[in-house]
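Numbering (the working numbering), first residue to last: 3 to 220. Idealized CB from N, CA, C, for every residue including glycine.
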Amino acid sequence: MRIVIAGGHGQIAMRLERLLAAGGHEPVGIIRKPEHGDDLRQAGAEPCLLDLESASVEEVAAVLQGADAAVFAAGAGPGSGAGRKKTVDRDAAVLFADAAERARVRRHVVVSAMGADPGHRGDEVFDEYLRMKGEADAYVRGKETLDWTILRPGMLTNDAGTGLVRLEAGTGRGTIPRDDVAAVIAELLDSSATAGLVLDVISGKLPVTVAVKAVAGN
Numbered sequence: 003m004r005i006v007i008a009g010g011h012g013q014i015a016m017r018l019e020r021l022l023a024a025g026g027h028e029p030v031g032i033i034r035k036p037e038h039g040d041d042l043r044q045a046g047a048e049p050c051l052l053d054l055e056s057a058s059v060e061e062v063a064a065v066l067q068g069a070d071a072a073v074f075a076a077g078a079g080p081g082s083g084a085g086r087k088k089t090v091d092r093d094a095a096v097l098f099a100d101a102a103e104r105a106r107v108r109r110h111v112v113v114s115a116m117g118a119d120p121g122h123r124g125d126e127v128f129d130e131y132l133r134m135k136g137e138a139d140a141y142v143r144g145k146e147t148l149d150w151t152i153l154r155p156g157m158l159t160n161d162a163g164t165g166l167v168r169l170e171a172g173t174g175r176g177t178i179p180r181d182d183v184a185a186v187i188a189e190l191l192d193s194s195a196t197a198g199l200v201l202d203v204i205s206g207k208l209p210v211t212v213a214v215k216a217v218a219g220n
């Protein structure tokens with residue numbers, strides 16, 4: 003499969019690109035800094051230079067044209083202000099979904115956040131982040147032309163992946179290595195039966211393939 007990943011130089015995206023390339027797929031990572039291109043090539047991905055904060059729907063759709071799936075893994079990141087939570091975590095996710103729809107790329111996986119909720123209360127930047135993620139998720143869920151799955155990881159760590167997860171509609175709080183989040187995304191891309199699901203994921207006891215089959219009803 004040819005899979006276009008927004009936020010292609012992010013920590014989860016880089017791990018996902020390596021997994022997809024190793025599996026014989028063709029990952030394409032959207033990046034906004036030219037100097038990140040070599041990192042993607044080393045991971046086995048094709049870099050695509052495009053700033054999702056300023057790009058048009060037509061420009062993003064052109065990148066997605068002919069793809070088999072799309073993954074939104076972009077984020078403003080820690081240290082960014084409330085303004086970029088809007089322009090990246092919400093607006094770029096909305097743009098990417100609109101572009102996928104225009105390019106007729108049905109399979110759509112979104113990396114969201116546990117606790118994402120448009121009605122989340124609070125005045126801190128992280129509260130705004132959860133609201134913007136929630137608004138983006140709600141927008142994607144309204145797209146009948148997309149076979150979307152929204153994945154909400156717990157607290158991310160850089161520990162080595164175990165390959166064992168808990169993947170459910172509601173897991174409660176917990177941690178999970180980025181390695182394992184990437185492995186779950188790769189498995190979700192192979193399972194269109196998870197379309198229409200919003201899933202929490204934390205470390206657990208089930209192998210990734212088993213966990214995904216369980217939520218897909220297989």
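**Asked** Going by DSSP, which residues form a beta bridge with Met-157?
**Response** What you label residue 157 is simply residue 155 of the sequence shown in a count that begins at 1. Among the bridge pairs identified by DSSP, Met-157 is matched with Thr-177.
**Item:** Lys-207, buried or exposed, once every other Cβ within 10 Å from all chains shown has been counted against 16
**Value:** Your numbering for residue 207 matches position 205 in the sequence shown. It counts as exposed.
**Message:** If I measure Cβ to Cβ from Asp-139 and keep anything under 6 angstroms in the same chain, skipping five residues before and after, which residues do I get?
**Reply:** Counted from its first residue, the sequence shown places residue 139 at position 137. Once the five neighbours on either side are set aside, the close Cβ partners of Asp-139 are Ser-114, Ala-118 and Ile-152.
**Message:** In the DSSP output, which residue or residues are listed as bridge partners for Pro-29?
**Reply:** Taking the sequence shown and counting its residues from 1, one reaches residue 29 at position 27. DSSP, once it has assigned bridges, lists Ile-5 as partnering Pro-29.
**Request:** Would you verify that the beta carbon of Pro-120 is, or is not, closer than 9 angstroms to some beta carbon of chain C?
**Result:** Considering every chain present, this structure includes no chain C. It has just one protein chain.
**Prompt:** With a Cβ-Cβ cutoff of 9 angstroms, do Trp-150 and Ala-213 count as a contact?
**Reply:** Within the sequence shown, the letter at position 148 stands for residue 150. Within the sequence shown, the letter at position 211 stands for residue 213. Not a contact, by the Cβ cut-off of 9 angstroms.
**Request:** Would you check if the region 3-20 and the region 30-40 touch, i.e. whether three or more CB-CB distances between them fall below 8 angstroms?
**Result:** The region 30-40 vs the region 3-20: in contact.
**Prompt:** In whole angstroms, what is the alpha-carbon distance linking Gly-25 and Val-59?
**Reply:** On the sequence shown, position 23 is the one that residue 25 refers to. On the sequence shown, position 57 is the one that residue 59 refers to. In a straight line, the C-alpha of Gly-25 is about 30 angstroms away from that of Val-59.
**Prompt:** Are there 16 or more other CB atoms within 10 angstroms of the CB of Glu-146, so buried, or fewer, so exposed?
**Reply:** Within the sequence shown, the letter at position 144 stands for residue 146. Counting every other CB atom within 10 Å of its CB across the protein chains shown gives Glu-146 a total below 16, marking it as exposed.
**Item:** Residue burial classification, Ala-188 (beta-carbon count within 10 angstroms, cutoff 16)
**Value:** For the purposes of this step, residue 188 is taken as the residue at position 186 of the sequence shown. Burial call: buried.
**Request:** Determine the direct distance from the alpha carbon of Ala-162 to that of Val-107, and round the result to whole angstroms.
**Result:** Residue mapping note: residue 107 aligns to position 105 of the sequence shown, counting from 1. Residue mapping note: residue 162 aligns to position 160 of the sequence shown, counting from 1. Each residue's alpha carbon lies about 32 angstroms from the other.
**Arg-104: first and last residue of the uninterrupted beta strand (DSSP E) it sits in** = For the purposes of this step, residue 104 is taken as residue 102 along the sequence shown, with counting starting at 1. Run containing Arg-104: none in the beta strand (DSSP E); it sits in the alpha helix (DSSP H), 93-105.
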